[in-house]
Amino acid sequence: MFVVLADALILPFQLAFKNEKQDGFDEFWFWWTTILFGLDIIANFNTAIQVDDDGSRPDALIRDRTGARLGAPARGWFGIDFFSTVPWPRLVSIFAGSEEGGGSTQAAKLLKVVKFLRLMRLMRMLRMAKLRKLWERVEDEIGSVLLVQSMMLVRILVIVVAICHWSACIFWIVGSPESLITDLMPNEMYQEFAQVPHWTTIYRTHGPEQEVWRWVDRPTSESYIFCFYWTLGVMRTMPAEVTPVNLAERVFVLLFMFFALSAFAISVASLTQAYFKISERSRSFTDELFAVRMHMKKLKMDQQCRPIAFRVLKP
2 MFVVLADALI LPFQLAFKNE KQDGFDEFWF WWTTILFGLD IIANFNTAIQ
52 VDDDGSRPDA LIRDRTGARL GAPARGWFGI DFFSTVPWPR LVSIFAGSEE
102 GGGSTQAAKL LKVVKFLRLM RLMRMLRMAK LRKLWERVED EIGSVLLVQS
152 MMLVRILVIV VAICHWSACI FWIVGSPESL ITDLMPNEMY QEFAQVPHWT
202 TIYRTHGPEQ EVWRWVDRPT SESYIFCFYW TLGVMRTMPA EVTPVNLAER
252 VFVLLFMFFA LSAFAISVAS LTQAYFKISE RSRSFTDELF AVRMHMKKLK
302 MDQQCRPIAF RVLKP
């Protein structure tokens, strides 16, 4: 599951900022995840299956290998695992390289489509539905309400970071003249799209008599940090450094601002609620201890007995 989460962050970055600039890490990550998820498929065909009955046998399992082979695809994960694990781009690249003459044109078109099929690896995010059951088991093992609530607070922050990361990658794709989207466009549409201005290709300067530059020419790390900063800024207000300059960019910014308004409000409310849950425990204990102290004073209990009672009451 941690590999699935990491792939959900790495893959959008690769598709947005490294569409045609794959390096050694990208090659390693591609084959490592492909092999790992392939072994996971094989393991699923050799894993015992829990019987879904009326609940009278909650621990009943099908342990024979034949039943496991027949039952694994029925779980509903096999199709997602298979189509998201098979290295479709590499297979079509091999097919395109072997084509000659008129067939090479068809192979080139298939290669463009397969670039989009890389997104199918994100279908593994559906397996995150299992995290809820796993999280419930972790909560039972922790045994500390304060620690669980603190982890909930961290989880909300991680979700906000993930939203900004995904939005930053999409913002760069929408504003880039050469991206995964343009690879799938017909030639006529691509020519029209290339002629309109883009926020990544507009020349900028930091001041009078300063060097002129474009975001498309800046280092990848600097471009990503700016897109992340811009996305986080849009969740609160519109940053002045970059504004949309064509229809596609304006539509994306408009939709994202509606989404960001709701996401930011929900995130702030969740953070506030999580914080109050953490602080409420200490405040509630202080109020209850004060009530006990007043009750002991009302009973005119001996002063020497009160410290002993307080030490018993304190957790």
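Numbering-wise (my numbering), the sequence shown opens with residue 2 and increments by one.
From the three backbone atoms N, C-alpha and C, an ideal C-beta is built for every residue, glycine too.
On a predicted model such as this, the values are computed, not experimentally measured, just so you know.
Along the alpha helix (DSSP H) that carries residue i, what are the first and last residues, could you check?
i      : result
Tyr204 : No alpha helix (DSSP H) holds Tyr204; DSSP gives it neither H nor E.
Thr221 : 221-235
Trp33  : 25-45
Glu193 : 188-196
Thr319 : The requested residue 319 does not occur in the structure, where the chain is confined to residues 2 to 316.
Val5   : 3-18
Leu181 : 181-184
Gly177 : This sequence places Ser at residue 177; Gly is not what is there. Taken as a continuous stretch (DSSP letters only), Ser177 belongs to no alpha helix (DSSP H), as it is neither H nor E.
How about residue i and residue j: are their beta carbons less than 8 Å apart?
i      : j      : result
Pro245 : Arg237 : no
Thr35  : Asp8   : no
Phe26  : Thr86  : no
Tyr225 : Arg215 : no
Met186 : Ala275 : no
Ser317 : Ile157 : Nothing in the structure corresponds to residue 317, since the chain is present only between 2 and 316.
Ile50  : Ile63  : yes
Val197 : Asn247 : yes
Pro220 : Thr202 : no
Cys228 : Phe172 : yes
Cys165 : Thr232 : yes
Cys170 : Phe265 : no
Lys278 : Gln192 : no
Val243 : Trp200 : yes
Could you tell me which residues DSSP puts in a beta bridge with residue i?
i      : result
Trp214 : Arg205
Ile50  : Ile63
Which same chain residues, not among the five before or five after residue i, have their C-beta less than 7 Å away from its C-beta?
i      : result
Phe257 : Ser168, Val235
Within the same chain, show all residues whose beta-carbon is closer than 8 Å to that of residue i, passing over the 5 residues directly before and after it, in chain order.
i      : result
Ile174 : Leu16, Ala17, Ser180, Leu181, Ile182
Val162 : none
Leu10  : Ala163, His166
Output needed for residue i: all residues of its chain with C-beta closer than 6 Å, excluding positions within five of it in sequence on either side, in chain order.
i      : result
Val139 : none
Phe253 : Val175
Arg91  : none
Taking 7 Å as the cut-off, is the beta-carbon of residue i closer than that to any non-hydrogen atom of the ligand COA?
i      : result
Phe229 : The ligand COA is absent from the structure shown, which contains no ligands of any kind.
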